[in-house]
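Participant: Take this structure first; my questions come after.
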Amino acid sequence: MPSPKSTEVMKNWLLERFASSTFNICPHQPLPAMTGPPIEIRVDPDVQPVVTRRPPNVPVHWQEEVSEQLKRDVALGVIERVPPNTPVTWLHSMVLTPKSDGTPCRTVDLQPLNRHNVRETHHTIPPIKQAKAIPPNTFKTVTDAWNGFHSIEIRPEDRHKTTFVTEQGRFRYCRAPMGFLASQDAYTQRYDSIITDVPRKTKCVDDTIMWDTDLNEHWWRVIDYLELVGRNGVILNPAKFQFASKEAEFAGFQITKTGVKPLPKYLNAIATFPRPSNITDVRAWFGLVNQVSHYGRTTDMMAPFKPLLSPKVSFKWDSELEEAFQRSKKAIIDEIEIGVEIFDPSKRTCLNPDWSRTGVGYWLRQKYCGCNSNIPGCCADGWKITLAGSRFLRNAEKRYAPIEGEALAVAWALEDSRFFTMGCRDLIITTDHKPLVKILGDQALDDITKPRLFRLKQRTLMWQYQIMHVPGKTIPAADATSRYPSTTDENDEANVVNALSTVRIPASTNDDLENLVVATAKSSTDSLGAVTWCRVKECTSTDNELRVLMSLVEFGFPPSRDDLPEDLQPYWQYRERLSLVDEVIIMDHRIVIPRALRNEVLRALHAAHQGTSRMQSRALGAVFWPGITKEIESTRSRCHACWGMSPSQPRMPPIQPCVPNNPFQAIAADFCVLHGIGYLVIVDRFSGWPHVVASRSGAKGFISALIKYFATYGVPEELSTDGGPEFTAKETAALLQRWGVKHRLSSAYHPQSNGRAEVAVKSMKRLLTSHTDANGSPDTEAVAAGLLQYRNTPDPQTGMSPAQIVFGGNLRDLLPIAPETQIFTNPMVHPVWRQTWEKQEEALRLRFAKQVDDLRHNVRQIPPLVPGNKVVLQNQTGNHSKRWDRTGVIVDTKPYDQYVVKVNGSGRLTLRNRRFLRQIQELANAKQPSPLPPTVPQAPDITTSPDCTESQDGKLTTPTKDNSEDTTPQLTNGGTTQNPPMEYSDPAPPQAQGPVPGVTSAMPPQRPRRDRRPPAYLRDYVTE
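In structure tokens, the structure reads:
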């Protein structure tokens, strides 16, 4: 026989008995479907579906947790992957925010669908009426559904309307989602149908209360109820199960043995209102009492306070005022208790939140007058108070900007009055902060760049409301509750969650929290030092401009830009994105740099001598001041070491490069000479990680440097070089063969085929300029600072730096990090090592595609050559580079537009790219030279002459013809005429007056002279 003393034992037995059915909250098996038809999502057919194609950028530390959440919801049957070949109709954005413990909270922004959804309506009895219908002195059992909305199936043909995009692909809901306006009506209607025959019960949304006067009967009825809802697909939350209690919490009320009372937190705000200590406090209290004066006679009790409102009367608090103060507080509490009892969901409801530097508070009022105006306060006694609440601010919240504080008041007021405002179809929110009307109104989440405002608006998305601006003087009661809040219970779980979620500074695409920095060091050789957070804080406190700006951020900007001082007007457009962290101004996640440190920041950004786009990309994640982009461009343009180079002949169409799968799997190497000193540059093709070392020329120097590289970074599978003597030496080939490294050669003088190394050489040359010591050694602090900047700078296509690809995060360089943002203080750092490669594989596809696309510009297809073709070679070295002054014959073809050419004269074989070879018949279309003077005969056109021959030493000549057939005048030293042979002089340049490609014509020398020619074995090398 059950007894009141055994209720706890009975409760535990019920929880164990139904643990595998009604109380089964296992996240690894599908949720049962609630009995009833699937929900239909009805949308106006004339509405154009909204498509958001760009997935949210999931921070590295959250990727594993978000992936697990998606897998869990798939396992529960809440969502499913979109099948292949399914076209896009509606496509929503997944939104991520941090929970109190730092883990991600995943939601879907269904605002576009909510705006065009045709809702079904299901009537709900007002909560106060349900609470008052419970008889006194009864045993009460309260249940709360778990994942209630997710128990309702969505009609298969409507699931596409809930599709959302992630980095892992498209998903769509199979069950009714949270945040969808029609979910509550559908859930309430189906739940009510299941329990319609259950007597002595009432239900409000997902909360149900049952009562009985006899405990034995109540015991069996609860068992029947748990079996009923379990068979019909309703899962109950065991943590919120209240069994056979005389007193219980239900629907926001305390159900006692004898009646109904509001929860204590709703009355505590007024009961703990502190005693006024000055005239401002008295005026706030007077406005608070006036808000409830229409409920009864308050004139007599407020009479002692009236003289204090006059500026001629000095403030003095005595016993009479204290007694009147206590009486007025009691009257307000009594009126609020009455107001809660008369709450009517069918009436227009208004929420008046407010924020101050002390706390946040609100009043909930309803319209009882019959006028046509919908503005709160339209009639003196037309709007009655039904609820009030307030709390003190946390330490972090006290540093909020005014617009953030007012948004916090709205979000917290909605959450605290959730029972009365959630699902309200006629809810008005008033605010005295005009910018919030747009932000919390119809502005999309993606357009809100300030992280706190983004999070605060996200907390309001579950409500449907209209927000309007009203003057602050019309809501003195809310102002009073925010200035004098009640002390909240620090053990209240909901309050703790809200507090922690507002304190956190969130991260963005590539974990911006870890890139929150202020400056870097000078990159010159004579001065090198880091700018710390303390220096930024110190310089901010002494910067007159930023001191005024700090005051504006803390207390609010004026209503007009023209009201600002001229030097602060550039900050006007960023006013809603500014905040304070430890007395330093932050614009989004970037530190506002004081004027005294800006030159140091610019020098640090240019430490690697990169282009303006790379410098801007680095600054975008660290520092800010108005006009920083132009100053970066100016710094770059004034750098003599960065003045550029120009291209030659158009590039050949690109060849798809091999794509490595891991860091240091494929590397590219090249030598460069700067100020007479040789440097070896090695770059990883996967991550772009550069390595530079001073190396003596020759194979021994290269082998020594290469062995050290292997010991540091591992042995690669492939090495790409341009085929220089150091790289093709026998010693080098033997080393590579022993270590199992494949050597990929590019053709001579064709950097496009070894482009990764050539780009690295350019960057390292800029870096080494004026950064090495007197002996040319790169082992200096300035070179180290530049290398760190290069390795930490994000790639413009992938958005990831070489350090992030190799190590999972940026290296610590000369840029400071904001407090508590070091990567290893975050408990979620471990997913970096498991998820980075998958992300990089995806990102590198974009980079290689972009590189190939860039190579396709300004190209021209050149006809291929075949063995036996006679060609002219373009000289790429020496004093006459770019001259077409050497001939040869094609003897073999190679892949990638490469040809083996036998050079006439020396007979040497050389490997050249098609870009530097021109077939001899092409010369027929070349531009003809200008006419020679009458005394000099015209050179014959050897390109069209059938008698044009080629000598064994590589010269082009035209043999003389019989005198009877030759009518061309011929000059001799003695005044007679002759036909001198036409030839390429190598290496002397042609002496003809007209530019005849491939042919030289020279006047006969006045006296015999000897032609000086280099040895044949040096013909293909640069000689000086």
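Counted from 1, the sequence shown has number 764 at position 764 by full-length UniProt numbering; the numbering is strictly sequential.
Here a beta-carbon is modelled for each residue, glycine too, at the ideal position from N, C-alpha and C.
1. Taking the alpha-carbon positions, what's the V683 to H433 distance?
2. Helix or strand or just coil, what does DSSP make of D214?
3. Per DSSP, which residues does V601 bridge with? Please list them.
4. Please report whether the beta-carbon of K316 lies at a distance below 8 angstroms from any beta-carbon of chain D.
5. Taking one C-beta from the stretch 168-176 and one from the stretch 209-223 each time, how about it: are there three or more such pairs within less than 8 angstroms?
6. Here's a check: name, in chain order, each residue in its chain whose Cβ is nearer than 8 angstroms to the Cβ of P796, leaving out the five neighbours to either side.
7. Apart from the five residues on each side of it in sequence, which residues of its chain come closer than 6 angstroms, Cβ to Cβ, to K11?
8. For S770 and A694, what's the separation of their Cα atoms in angstroms?
9. Pick from N137, F671 and P104: whose alpha carbon is nearest that of K765?
10. Go ahead and pull the three-state DSSP assignment for D92.
11. Span of the beta strand (DSSP E) holding C204?
12. Could you check whether the stretch 87-95 touches the stretch 47-64, counting it as contact only if at least three pairs of C-beta atoms, one from each stretch, sit closer than 8 angstroms?
13. Between L500 and K312, what straight-line distance do the alpha-carbon atoms span, to the nearest angstrom?
14. What three-state label does DSSP hand residue 1033 in the structure shown?
15. Can you give the beta carbon distance from F420 to L364, rounded, assuming they're within the 8 angstroms contact cut?
16. Taking the beta strand (DSSP E) that N913 falls in, what are its first and last residues?
17. With A182 and I41 assumed to form a contact (beta carbons below 8 angstroms), what rounded beta-carbon distance in angstroms separates them?
18. Residues in the same chain with beta-carbon distance under 6 angstroms from R459, minus the five sequence neighbours each way, listed in chain order, please.
19. Jot down the residue ranges of each uninterrupted beta strand (DSSP E) in the stretch 385-428, minimum 3 residues, whole runs only, in chain order.
20. Note the first and the last residue of the continuous alpha helix (DSSP H) segment covering I707.
21. Closest by CA to L911, which one among L811, S746, K870 and K882?
22. Ordered along the chain, which non-local residues of its own chain (more than five positions away) have a Cβ less than 6 angstroms from that of T166?
23. May I ask you to report which of helix, strand or coil DSSP gives Y571?
24. Only counting the same chain, and skipping five residues up and downstream in sequence, which positions put a Cβ closer than 7 angstroms to that of T798?
25. Run through DSSP, which three-state label would T162 get?
26. Under a three-way DSSP split, which group does G786 fall into?
27. How far does the beta strand (DSSP E) with R365 in it extend, from its first residue to its last?
28. Can you name the start and end residues of the beta strand (DSSP E) that K5 belongs to?
29. Any idea what DSSP makes of F250, helix, strand or coil?
30. Do residue 1026 and D192 have their C-beta atoms within less than 8 angstroms of each other?
31. I'd like the span of the alpha helix (DSSP H) that includes T540, first residue to last.
32. Bridge partners of residue 1052, per DSSP?
33. Please return the same chain residues whose Cβ sits closer than 8 angstroms to the Cβ of L602, not counting the five positions on each side in sequence.
34. Which class does E157 belong to by DSSP, given the choice of helix, strand or coil?
35. Tell me where the alpha helix (DSSP H) around Y191 begins and ends.
36. Specify the secondary structure class of S763 as computed by DSSP and reduced to three states.
Facilitator: On the basis of the data shown:
1. Translated into the one-based positions of the sequence shown, residue 683 becomes position 683. Translated into the one-based positions of the sequence shown, residue 433 becomes position 433. Roughly 55 angstroms separates the two Cα atoms.
2. Counting from 1 along the sequence shown, the entry for residue 214 is found at position 214. Coil at D214, not helix or strand.
3. Locating residue 601 in the sequence shown gives position 601, where the first residue counts as 1. Answer by DSSP bridge pairing: none, since V601 is not bridged.
4. Looking at the structure shown, chain D is missing, and only one protein chain is on hand.
5. no
6. Looking up residue 796 in the sequence shown gives position 796. Cβ within range, chain order: S613, R614 and S617.
7. In the sequence shown, residue 11 corresponds to position 11, counting from 1. Cβ neighbours of K11 beyond the five flanking positions: F243.
8. One-based indexing of the sequence shown puts residue 770 at position 770. One-based indexing of the sequence shown puts residue 694 at position 694. The straight-line gap from Cα to Cα measures roughly 15 angstroms.
9. What you label residue 765 is simply residue 765 of the sequence shown in a count that begins at 1. It is F671.
10. Along the sequence shown, read from residue 1 onward, the residue named residue 92 stands at position 92. According to the sequence as given, residue 92 is His; it is not Asp. Strand at H92.
11. Taking the first residue of the sequence shown as 1, we reach residue 204 at position 204. Residues K201 to C204.
12. yes
13. Taking the first residue of the sequence shown as 1, we reach residue 500 at position 500. Taking the first residue of the sequence shown as 1, we reach residue 312 at position 312. Only weak support exists for where L500 lies, its pLDDT of 25 falling under 50; the coordinates are left without a value.
14. Past the boundaries of the shown model lies residue 1033; the chain is included only from 1 to 1024, so the question cannot be answered.
15. Within the sequence shown, the letter at position 420 stands for residue 420. Within the sequence shown, the letter at position 364 stands for residue 364. Between L364 and F420 the Cβ distance is about 6 angstroms, and since that is below 8 angstroms, they are a contact.
16. Stepping through the sequence shown from its first residue, residue 913 is reached at position 913. Looking at the DSSP string, the run of the beta strand (DSSP E) that includes N913 is L909 to N913.
17. Counting from 1 along the sequence shown, the entry for residue 182 is found at position 182. Counting from 1 along the sequence shown, the entry for residue 41 is found at position 41. Sure, about 7 angstroms apart at Cβ, within 8 angstroms.
18. As a working note, residue 459 is residue 459 in the sequence shown. A411.
19. none
20. Your numbering for residue 707 matches position 707 in the sequence shown. From DSSP, the alpha helix (DSSP H) with I707 extends over A699 to Y713.
21. Residue 911 sits at position 911 when you count from the first residue of the sequence shown. Of the candidates L811, S746, K870 and K882, the one whose C-alpha sits nearest the C-alpha of L911 is S746.
22. Here residue 166 is taken as the residue at index 166 of the sequence shown, counted from 1. Contacts found: P55 and M94.
23. Sequence index remark: in the sequence shown, residue 571 carries index 571 (1-based). Reduced to three states, the DSSP call for Y571 is helix.
24. As a first step, residue 798 is located in the sequence shown; it is residue number 798 there, counting from the start. The residues are A843, L844, L846 and R847.
25. For the purposes of this step, residue 162 is identified with residue 162 of the sequence shown, where counting begins at 1. Here T162 sits in helix by DSSP.
26. Reading the sequence shown from its first residue, position 786 is the one you call residue 786. G786: helix per DSSP, three-state reduction.
27. One-based indexing of the sequence shown puts residue 365 at position 365. Here the beta strand (DSSP E) through R365 covers G359 to K367.
28. Here residue 5 refers to the residue found at position 5 when the sequence shown is read from its first residue. It is not in any beta strand (DSSP E) - K5 carries neither H nor E in the DSSP assignment.
29. Residue 250 sits at position 250 when you count from the first residue of the sequence shown. F250 falls in the strand class under three-state DSSP.
30. Lying outside 1 to 1024, the shown extent of the chain, residue 1026 is not represented and no answer is given.
31. In the sequence shown, the residue the question calls residue 540 occupies position 540. Element bounds for T540: W533 to T542.
32. Nothing about residue 1052 can be reported from this structure: the residues present for the chain run from 1 to 1024 only.
33. To locate residue 602, count along the sequence shown from 1; it is residue 602. Cβ neighbours of L602 beyond the five flanking positions: E631, I632 and T635.
34. Indexing the sequence shown from 1 puts residue 157 at position 157. E157: helix per DSSP, three-state reduction.
35. Looking up residue 191 in the sequence shown gives position 191. Start and end: L181 to I194.
36. Position 763 of the sequence shown, counted from the start, is the residue given in the question as residue 763. Helix, per DSSP.
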